[in-house]
Every structure is written in structure tokens, then in C-alpha cells.
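Asker:
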Amino acid sequence: MPPPVRRHSHRNTAIPLSEATGKTRCANPHPQISVTSHQLIDLGICATYLIAITVFGIWIGRKESGTQEGYFLGGRKFGWFSIGCSVFATNISITQFMSVSGMSRDIGLASINNDLVGGLLMAISALFFVPIYIRSRLFTMPEFLARRYGPAARQVFGWVYLVQSVLQQPTGYYIGGLALLGMFGFGNEHLPLACLIIGLTVGLYSVLGGLTAVVKTDVVQLGLLLVGGMLLSYMAVDRAGGWSALHAQLGTTHFELLLPRGTAMPWTALPGIALHSCYFAFCSIHILQRVLGAQNEYHARQGMLFAAWLKFLAIPLFALPGIAAVVLLPQATGDATYAALAREILPVGLSGLVLAGMLAALMSSADSSVNAVACVVAADIYPSIAKKPTEATGLRIGKWTGAALVVFAVVVAPHYQNLGTIYPFILRLGGFLLLPVGLCFLFGRFSTRVNAQGAIACLGIGSLLGLAYVVATSLPATKASLPGWLTALHFYEMLPLFFVFNTAVLFGVSWLTPPPPPDRLAVLTERVAGVDTGAEGRPLWQSFNLWLALFCGTLGLIYLVF
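Count along the sequence shown starting at 1, add 162, and that's the number in the working numbering.
#1: Quick check for students: name the residue ranges of the alpha helix (DSSP H) that lie wholly in the region 254-308, counting only runs of 4 or more.
#2: Would you mind reading off the limits of the alpha helix (DSSP H) that contains C620?
#3: Buried or exposed: where does V633 fall if 16 or more other Cβ atoms within 10 Å of its Cβ makes it buried?
#4: Measure the C-alpha to C-alpha separation of G338 and G622 and round it to an integer number of angstroms.
#5: Can you tell which of F240, A522, P428 and F444 has its C-alpha closest to the C-alpha of V599?
#6: Chain C beta carbons: is any one of them nearer than 9 Å to that of S672?
#7: Report all residues from its chain with a CB closer than 6 Å to the CB of H192; omit the five preceding and five following residues, and keep chain order.
#8: Going straight from the alpha carbon of L205 to that of S244, what length do you get?
#9: Who are the Cβ neighbours of A456 in its own chain at under 8 Å, not counting the five residues just before and after it?
#10: Around the Cβ of V572, are there at least 16 other Cβ atoms within 10 angstroms (buried) or fewer (exposed)?
#11: Which whole-angstrom value is the C-beta distance of L657 and L437, which I expect to be below 8 Å?
#12: For T610, count neighbouring Cβ atoms within 10 angstroms of its own Cβ and tell me buried if that reaches 16, exposed if not.
#13: Within 10 angstroms of the Cβ of V569, are there 16 or more other Cβ atoms? Answer buried if so, exposed if not.
#14: With a threshold of 8 Å on Cβ separation, who are the neighbours of T302 within its own chain once the five nearest residues in sequence on each side are excluded?
#15: Does at least one heavy atom of the ligand ZN sit under 8 Å from the Cβ of A462?
#16: For A456, write down the residues that DSSP places opposite it in a beta bridge.
#17: Just to confirm my understanding: we take G232, look at its own chain, exclude 5 residues before and 5 after, and list those with CB closer than 6 Å. What are they?
#18: Output needed for G403: all residues of its chain with C-beta closer than 8 Å, excluding positions within five of it in sequence on either side, in chain order.
#19: Would you grab the beta carbon distance between I256 and G334 for me? Rounded to a whole angstrom, and I think it's under 8 Å.
#20: Buried or exposed: where does D380 fall if 16 or more other Cβ atoms within 10 Å of its Cβ makes it buried?
#21: What number of angstroms, rounded off, separates the C-alpha of G151 from the C-alpha of L421?
#22: Excluding five sequence neighbours on each side, which residues of the same chain lie with their C-beta closer than 8 Å to the C-beta of V708?
#23: Who are the Cβ neighbours of A398 in its own chain at under 8 Å, not counting the five residues just before and after it?
#24: State the DSSP-derived secondary structure class of T183, mapped to helix, strand or coil.
#25: Who are the Cβ neighbours of S625 in its own chain at under 7 Å, not counting the five residues just before and after it?
#26: Tell me which same chain residues have a C-beta within less than 8 Å of the C-beta of Y544, skipping the five on either side of it?
#27: Here's the rule I'm using: 16 or more other beta-carbon atoms within 10 Å means buried, otherwise exposed. How should F290 be labelled?
#28: Compute the Euclidean distance between the alpha carbons of L717 and I220, then round it to the nearest angstrom.
#29: Assign K473 to buried or exposed, taking buried as 16 or more other Cβ atoms, counted over all protein chains shown, within 10 Å of its Cβ.
#30: Under DSSP, the alpha helix (DSSP H) around G519 begins and ends at which residues?
#31: I think G280 touches F442, with their Cβ atoms under 8 Å apart; what is that distance to the nearest whole Å?
#32: Closest by CA to F661, which one among R607, V532, G628 and K641?
#33: Relative to the C-alpha of N458, which residue among L300, V217, S263 and G606 is closest?
#34: Measure the CB-CB distance between I222 and G371 and report whether it falls below 9 Å.
#35: Rounded C-beta distance between L515 and I207? I'm assuming under 8 Å.
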């Protein structure tokens, strides 16, 4: 069985962006940016978008940035549409445009199993978890662990999330910079400048405007993302001869969701995908923060479910362009596929629109991470280490933390080219490092026997073990020393093994120690006075249960057909 990542014959991640279309560039010891008139138009579109979204974000968030609730939760005023759009825009990121499209070129529809299974877990979260979060009026996700297990669990989660975010934030800047350079044919030597432009844009409105700026710009950016992505998908499939022609040329393999073992995304990976999605759907701070800012329980649940529905768009947005590229650009490779496809088949102006949509995907994910990290530091970490914490000081520290994260990402991002293919690295990082957190939320929600001692043991041991595995399998020097059977397993096939181990630690330590006191279980049933569900008196077509049933039926039909 092949190793758990797709192998690409590229020496430098940026090089295939020119190789994909047979174009070469001569080495230049003194590189200069040469721009054609067509490229200038596309650059103008992207520049206009970046300036406009920055100004809009700062303006829309100016009124809610004076208090912690206003800055980090948008004053709890978000409706279901804004929540759903923001959750989806945050969840997809530019890595899926680049890497999932490249993976779709190799294995077809199976590459979007992450999105479909992730959508199912979002629906489950809306059903079982979101109501508890809203009824208890949580301010941050680590606060749930504090109420359920105690302050120590809150601190472990906060610090683990902080480390994970610091490591992951540069990946979006890096791959976004590659997208900019690849679309316009610029050399990799300009990557630091591209990362700086992205960082300035994201940093300005996310740090100055808070969650209101993040959510409202996400709605706008999702619209641009969908227009650009759908446009490229339609034109690519049409240029390839249509759906029937693609199916006839490629056969059924590229149109199957469940592939056999030995492929890059076997059906045996589905349990691991579900476990990986547990964290992001049940307790991810940068995703669920906007859910906590909902007007009421109805808008929170419907917003999360709406985001699950939007996950179906992964088929036209990510899979179809990659599949069409097999016919249109047979020499394209890996992460270069999407940018090469956009550059080759789109006329001037439209390629700039598609690139702006890709940047929107990047910014929607990056800005959420900045706000989430700032919130964790201000509301979870700072109060635990300060002798006399104040809201004003916490807010100020949170903003400075967000700004520091942006600066760090801009400086470090160009060096991430040494990590090879980006998407599998991000999956490993999120899957193994944060799996224990998801388990503590999952079993803390449904089991009354797990306690603080078990949670601390699970979080500490599980996170360290996950981090060690990620590092060992990402660095060639350490990977070569690992047993062959270990490196041969798909990383999604490894997740169930980590799940069993972490679950054993959680329940084993809990059973060896006293059960949790009643006050640690109150968060599962409490309802803060004055918190409105917002569901009473609504017609059937607005029912959460109706749309949940339709979602499950649609998902089942997709797997039945493909």
C-alpha cells in the first residue's frame, strides 16, 4: 500500500505552476516582475478586491470592537444565513481549491469525502452540541471544558489550540501566495511579497474589526468565491465536452466516492475522516465562534445546518475542475492544477475574478483563525495567568496577539515550501494533534462518568503523541527510521488507532478516580435565564428537523449514486 500522502514529482511547489502548461522561465539573478496588459487587468481586479474588502471589514466592525462580547462574538447578533456562510467560507480555505482539485485529478470524486463526511458531522453538531452551547451562553469553546471538567482542561485546550494555530496559519498564506504567483506566472522569488500583501489585508480588518468584520466579510467573500469557482467549473467541464464526454473518456473510476484500499482515499479512510471532522464540527474555535454569536438557538442551529448543506458545493467547486483537468491539461501536476486550469481556459478579467475568489477562500479561513486565537488568549489564557485581569486589558492583549500571529505567518510562510504537498500536512496536524480535544467534547457531552482527571490525561498524552506522530511522518529524516507497516498506513487509517488509545486513556483514568461532582454535569442541562430558542411559532418549512432530514436524505442519495 502506498504511503499516506500523494507523491508528486516536483522539486519545488511553485515550479509546476509553469510546468503544468509547458511554459518555462529562465533563471534571473536579478528578478523583475514583468506584467502583460492582460495580467495587468487581472491584477487590477485582485487589487481592487483586496482594497475594497479591507475597507468594508474595518467599516462594518467599527461599532462592535469596544467590548469583548462585541469584538469576539459580534454582540451576539448574527442570523442563520450569516453564520452558515461564514462557517462554510471558514471551513473550506484555499487549500481545497488548490490541493483537493489536484487530488481530484488523480482520484476523482473520492477526494471530496472529507467535505461530505464533514457536512454530516456539522449536522450532528447542530443537533446535539450547538443547543448546549447556546443555552449555557458560552463565550468560548474552552469554556465548555472548564464547566465540564475544570479550569485545567480549559488551559490545556487553549494552549494546544494556540500552538496548532501558530503552526497552521502560515500554510494558508503560503499556498495563497503560490496561487497569486502561479496565476500570473511570477517566480517563486516573489513569494515573500505575495505573503505580505495577504497578511496586510487579513490583518487590518480582522484585528481592527473583530468577529463582526470577519463574519460580514465572509458573506461577501463567499459570494465572490462561489461566482468564481462555479464559473471555472462550468467552463472547464464545457471545454472538456460536458459531463457525458468526461464520463466516457475517464470511465467510472473518477466518478466513484468509495475507492478500494491501496488508493489515495480508500473507503477504509471514512471512519478516520469522521473522527478528524469531530473536532472541527463539535468544538473548533475558529468555526464555532460565530455560532456562539448567534441571536438565539434557532439561528445557531440553522446556521450550522446551512453550512452543512453548502458542503455539497464541493462537487462543482473542487472535484469537477480537477476531473476536467485530466482531459484539458494532462500534464498538470498536483497543487498546480487549479491555477493552471484557470490561467489556460479563462479569458482576461474572468481569470482575475476566479483568483479573487480563491483569495476570498484564503482570507475567510485566515481571518477566522486570527480572531479565534485572539479570543482564546484574551478570554481563556490571560485571565488564568493575570493577578487582576480586566476586560479592557484582555481585549487589548487579544488584539495584539492577533496582530502578532499575522506577522509571524507572513515571515514564516515562504519557508513552508520545504514541507511538500500542503493539504495532507494540514490534515495530519488537525487530525492527530486535536483529536483528544474532540474526544473530550464528544464523551463529555454524552457520558456522565468521564471526569477531569481523565480529560487532562487524554488531552496531555494524546496531544503530545499526536504532535510526535505528525513531526515524525512529515520530516524525511525521522520518517525513514519508522517501521514500514506504520508508514504504509494511510493517515486516516491511523486515526481510529489514535481514537482507541485516547478513549482508553480518557475512560481508564476516569474509572480509576472518583466520578465528577454534580456541578460538573450542570452544563449539560442548564439553560441561562432569558436565552430564547427562537423556534416557537415558525412554519413547517422553517423547521430544523425538516431540513436535517432532507440533508441526510440528500447525502445518502449522493453516496448511493456515486
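By construction, the Cβ of each residue, glycine as well, lies at the ideal position given by its N, Cα and C atoms.
Answerer: The structure says:
#1: As far as the region 254-308 is concerned, its whole alpha helix (DSSP H) runs of at least 4 residues are 263-269, 275-290 and 292-297.
#2: Within the sequence shown, numbered from 1, the residue matching residue 620 stands at position 458. Counted as a single uninterrupted DSSP element, the alpha helix (DSSP H) harbouring C620 occupies residues A614 to S636.
#3: In the sequence shown, counting from the first residue as 1, residue 633 sits at position 471. So V633 ends up on the exposed side.
#4: Here residue 338 refers to the residue found at position 176 of the sequence shown. Here residue 622 refers to the residue found at position 460 of the sequence shown. Distance between the alpha carbons of G338 and G622: 33 Å.
#5: Residue mapping note: residue 599 aligns to position 437 of the sequence shown, counting from 1. Relative to the Cα of V599, the nearest Cα in the group F240, A522, P428 and F444 belongs to F444.
#6: Note that chain C does not occur in the displayed structure, where there is just one protein chain.
#7: Your numbering for residue 192 matches position 30 in the sequence shown. Its pLDDT being 45, under 50, H192 is placed unreliably in this model, and the coordinates cannot settle the point.
#8: Indexing the sequence shown from 1 puts residue 205 at position 43. Indexing the sequence shown from 1 puts residue 244 at position 82. So the two alpha carbons sit approximately 29 Å from each other.
#9: Position 294 of the sequence shown holds residue 456. Residues of the same chain with a CB within less than 8 Å of the CB of A456, apart from the 5 flanking positions on each side, are R238, F240, G241, W242, I245, I296, A462 and G465 in chain order.
#10: On the sequence shown, residue 572 is found 410 positions in, with the first residue counted as 1. Looking at its Cβ environment, which holds 16 or more other Cβ atoms inside 10 Å, V572 is buried.
#11: The residue labelled residue 657 in the question sits at position 495 within the sequence shown. The residue labelled residue 437 in the question sits at position 275 within the sequence shown. Contact between L657 and L437 is confirmed by a C-beta separation of about 5 Å, below the 8 Å threshold.
#12: In the sequence shown, counting from the first residue as 1, residue 610 sits at position 448. So T610 counts as exposed.
#13: Counting from one through the sequence shown, the residue named residue 569 turns up at place 407. Label assigned to V569: exposed.
#14: Residue numbering aside, residue 302 sits at position 140 when the sequence shown is read from its first letter. Here the set comprises F234, I447, Q451, L454, C537, V538, A541 and D542.
#15: With respect to small molecules bound, the structure shown includes none, and the ligand ZN cannot be examined in it.
#16: Sequence index remark: in the sequence shown, residue 456 carries index 294 (1-based). Answer by DSSP bridge pairing, in chain order: F240.
#17: Locating residue 232 in the sequence shown gives position 70, where the first residue counts as 1. The beta carbon of G232 is closer than 6 Å to those of E226 in its chain, skipping five residues each way along the sequence.
#18: As a position in the sequence shown, residue 403 is number 241, starting the count at 1. Around G403: Q411 and V489.
#19: Position 94 of the sequence shown, counted from the first residue, corresponds to residue 256. Position 172 of the sequence shown, counted from the first residue, corresponds to residue 334. The Cβ separation is near 6 Å, so the contact holds.
#20: Locating residue 380 in the sequence shown gives position 218, where the first residue counts as 1. Buried is the call here.
#21: With the chain covering 163 to 724 only, the question about residue 151 has no answer from this structure.
#22: Start at 1 with the first residue of the sequence shown, and residue 708 comes out as number 546. Correcting the residue identity first, residue 708 is Leu in this sequence and not Val. Within the same chain, L708 has close Cβ partners L702.
#23: As a working note, residue 398 is residue 236 in the sequence shown. Cβ neighbours of A398 beyond the five flanking positions: L482, P483, A486, A487, L490, L503 and I507.
#24: If you number the sequence shown from 1, residue 183 lands on position 21. Note that T183 has pLDDT 37, beneath the 50 cutoff, so the model's placement of it is unreliable and no number is given.
#25: Position 463 of the sequence shown holds residue 625. Non-local beta-carbon contacts of S625 in its own chain, meaning distances under 7 Å to residues more than five positions away in sequence, involve V322, L595 and P598 in chain order.
#26: For the purposes of this step, residue 544 is taken as the residue at position 382 of the sequence shown. Only residues of its own chain outside the window of five on either side were considered, and among them P551, T555, G556, I559 and G560 have a CB closer than 8 Å to the CB of Y544, listed in chain order.
#27: Counting from one through the sequence shown, the residue named residue 290 turns up at place 128. F290 should be labelled exposed.
#28: On the sequence shown, position 555 is the one that residue 717 refers to. On the sequence shown, position 58 is the one that residue 220 refers to. In a straight line, the C-alpha of L717 is about 38 Å away from that of I220.
#29: In the sequence shown, the residue the question calls residue 473 occupies position 311. Classified as buried, K473 has 16 or more neighbouring CB atoms from the shown chains inside 10 Å of its CB.
#30: Position 357 of the sequence shown, counted from the first residue, corresponds to residue 519. Judged by DSSP secondary structure, G519 falls within the alpha helix (DSSP H) whose first and last residues are L512 to V538.
#31: The residue labelled residue 280 in the question sits at position 118 within the sequence shown. The residue labelled residue 442 in the question sits at position 280 within the sequence shown. Contact between G280 and F442 holds: their C-beta atoms lie close to 7 Å from each other, under 8 Å.
#32: Residue numbering aside, residue 661 sits at position 499 when the sequence shown is read from its first letter. Looking only at R607, V532, G628 and K641, the smallest Cα-Cα distance to F661 is reached by G628.
#33: Numbered from its first residue, the sequence shown carries residue 458 at position 296. Among L300, V217, S263 and G606, the Cα nearest to that of N458 belongs to L300.
#34: Here residue 222 refers to the residue found at position 60 of the sequence shown. Here residue 371 refers to the residue found at position 209 of the sequence shown. Closer than 9 Å, so yes.
#35: Taking the first residue of the sequence shown as 1, we reach residue 515 at position 353. Taking the first residue of the sequence shown as 1, we reach residue 207 at position 45. With 8 Å as the limit, L515 and I207 qualify as a contact, their Cβ atoms being about 6 Å apart.
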